[in-house]
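Colleague:
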Amino acid sequence: MPVKRAVIVALDPLLVRIETKLESLGQWHRAQSLRHHAATWRGKTRELHAWVQTLIEIDIRLREVVQRETFLRDQMRILTTKGEMRPPAAEERAQAVAWQGELDDLDIEYWRQERQIYAAESQCPWGPFLRGFFSYRRQQMWFLTEWLTADCAGRGGCCAWGCGCCKRERSKTRARRFGHCTAMCGCCQRQRGFQLTAQDRKLMQPPFNLVGMGDDTYSRGLLKGYIWGIPV
677 MPVKRAVIVA
687 LDPLLVRIET
697 KLESLGQWHR
707 AQSLRHHAAT
717 WRGKTRELHA
727 WVQTLIEIDI
737 RLREVVQRET
747 FLRDQMRILT
757 TKGEMRPPAA
767 EERAQAVAWQ
777 GELDDLDIEY
787 WRQERQIYAA
797 ESQCPWGPFL
807 RGFFSYRRQQ
817 MWFLTEWLTA
827 DCAGRGGCCA
837 WGCGCCKRER
847 SKTRARRFGH
857 CTAMCGCCQR
867 QRGFQLTAQD
877 RKLMQPPFNL
887 VGMGDDTYSR
897 GLLKGYIWGI
907 PV
């Protein structure tokens with residue numbers, strides 16, 4: 677492995693030129709496959725997969741924050757509309773105060789998670805793995821790949837309802853406003869007709885471990901869905 681890795685590292689400038697040429701010819705999948713093979717031959721996959729694990733965990737938390745924030749703002753608008761028709765009850769005023777407090781907390785949480793994901797994206801070593809990640813993320817609506825869409829549906833998200841939420845902006849103000857459903861999605865709650873318990877919320881996100889995934893097909897699917905966009 678050390679010899680193979682040394683050869684691949686030495687060939688990296690050539691690989692970059694080949695990847696660029698393939699993409700210019702419209703052969704993105706071949707370019708991505710080349711990056712994946714080069715990353716595998718380089719080794720150190722455990723460290724790279726640990727990086728992806730962190731990235732996915734932060735991404736999920738960001739989507740939770742945005743989706744909860746959007747749901748609460750919708751609820752606040754409904755409450756405001758009711759208040760325009762009649763004086764709000766004491767319970768409604770208390771609810772509005774509680775929701776606003778949660779929105780303030782979510783604003784802080786979003787800022788923190790956005791800083792964390794920026795730091796995480798900056799910490800992957802340069803090479804075919806990072807090139808694969810950024811090339812994939814340049815694909816328009818990359819998250820609407822078949823695997824991630826099926827995963828959202830399987831977890832009980834909007835891709836199971838056909839409402840199209842995952843194809844639209846989740847927020848008008850947040851930079852990271854696209855993505856699949858989490859347990860915080862308001863549309864999913866309205867479709868289900870009930871609120872999730874803490875145990876229910878765990879069911880909406882199966883556990884994953886990219887560092888020691890072995891034959892874990894779910895973790896491998898996440899690696900494909902988040903980094904490569906091709907079978908791995």
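Okay, so the sequence shown: first residue is 677 according to this note's numbering, each after it adds one.
Ideal placement from N, C-alpha and C gives every residue a C-beta, glycine not left out.
What is the DSSP secondary structure of residue 787, reduced to helix, strand or coil?
Modeller: In the structure shown, residue 787 sits in a helix (DSSP, three-state: H, G or I).
Colleague: Check for me: the alpha helix (DSSP H) holding residue 897 runs from which residue to which?
Modeller: 893-899 is the extent of the alpha helix (DSSP H) around residue 897.
Colleague: In the structure shown, what three-state DSSP assignment does residue 908 receive?
Modeller: Coil, per DSSP.
Colleague: In angstroms, rounded to a whole number, what distance separates the CA positions of residue 838 and residue 750?
Modeller: C-alpha separation (whole angstroms): 21 Å.
Colleague: Going by CA-CA distance only, name the one from 875, 731, 742 that's closest to residue 787.
Modeller: Of the listed residues, the one whose Cα sits closest to residue 787 is 742.
Colleague: Could you check whether the region 772-791 touches the region 678-694, counting it as contact only if at least three pairs of C-beta atoms, one from each stretch, sit closer than 8 Å?
Modeller: No contact exists between the region 772-791 and the region 678-694.
Colleague: Using 8 Å for Cβ pairs, my map puts residue 858 next to residue 785. What's the rounded Cβ distance?
Modeller: The Cβ separation is near 13 Å, so there is no contact.
Colleague: Restricting to Cα atoms, I'd like to know which of 736, 686, 831 is closest to residue 793.
Modeller: Among 736, 686, 831, the Cα nearest to that of residue 793 belongs to 736.
Colleague: Specify, as a first and last residue, the run of the alpha helix (DSSP H) that residue 692 falls within.
Modeller: Note, residue 692: alpha helix (DSSP H), 688-700.
Colleague: DSSP state of residue 804, grouped into three classes?
Modeller: It is helical.
Colleague: Out of curiosity, what's the CA-to-CA distance linking residue 747 and residue 871?
Modeller: For residue 747 and residue 871, the distance between alpha carbons rounds to 12 Å.
Colleague: Rounded to the nearest angstrom, what separates residue 755 and residue 834 at their Cα positions?
Modeller: Roughly 25 Å between the two C-alpha positions.
Colleague: Tell me, to the nearest whole angstrom, how far the beta carbon of residue 712 is from that of residue 908; I am working on the premise that it is less than 8 Å.
Modeller: About 6 Å; that satisfies the 8 Å criterion.
Colleague: Closest to residue 854 by CA distance: which of 738, 899, 692 is it?
Modeller: Minimum Cα distance to residue 854 is reached at 738.
Colleague: So, for residue 824: in the same chain, excluding its five sequence neighbours on each side, which residues have a beta-carbon less than 7 Å away from its beta-carbon?
Modeller: Once the five neighbours on either side are set aside, the close Cβ partners of residue 824 are 856, 901.
Colleague: Tell me which residues share the same chain as residue 865 and place their Cβ nearer than 8 Å to its Cβ, disregarding the 5 neighbours each side in the sequence.
Modeller: Answer for residue 865: 747, 871, 872, listed in chain order.
Colleague: Counting pairs of beta carbons, one from the region 695-715 and one from the region 760-771, are three or more of them closer than 8 Å?
Modeller: Output reads no: the region 760-771 does not touch the region 695-715.
Colleague: With distances taken between CB atoms, is the gap from residue 811 to residue 708 smaller than 8 Å?
Modeller: Contact flag set, yes.
Colleague: Nearest by alpha-carbon distance to residue 903: which of 789, 813, 876 is it?
Modeller: When each option's Cα is compared against that of residue 903, the closest is 813.
Colleague: So, at 6 Å on beta carbons, what are the nonlocal neighbours of residue 724 in its own chain, with the 5 sequence-adjacent residues on each side left out?
Modeller: For residue 724, where only same-chain residues beyond five positions count, the Cβ hits under 6 Å are 805.
Colleague: Compare the Cα-Cα distances from residue 797 to each of 815, 734, 877 and report the closest residue.
Modeller: Among 815, 734, 877, the Cα nearest to that of residue 797 belongs to 734.
Colleague: State the Cα-Cα distance for the pair residue 868 and residue 841, rounded to the nearest angstrom.
Modeller: If I take the Cα positions, the gap works out to 15 Å.
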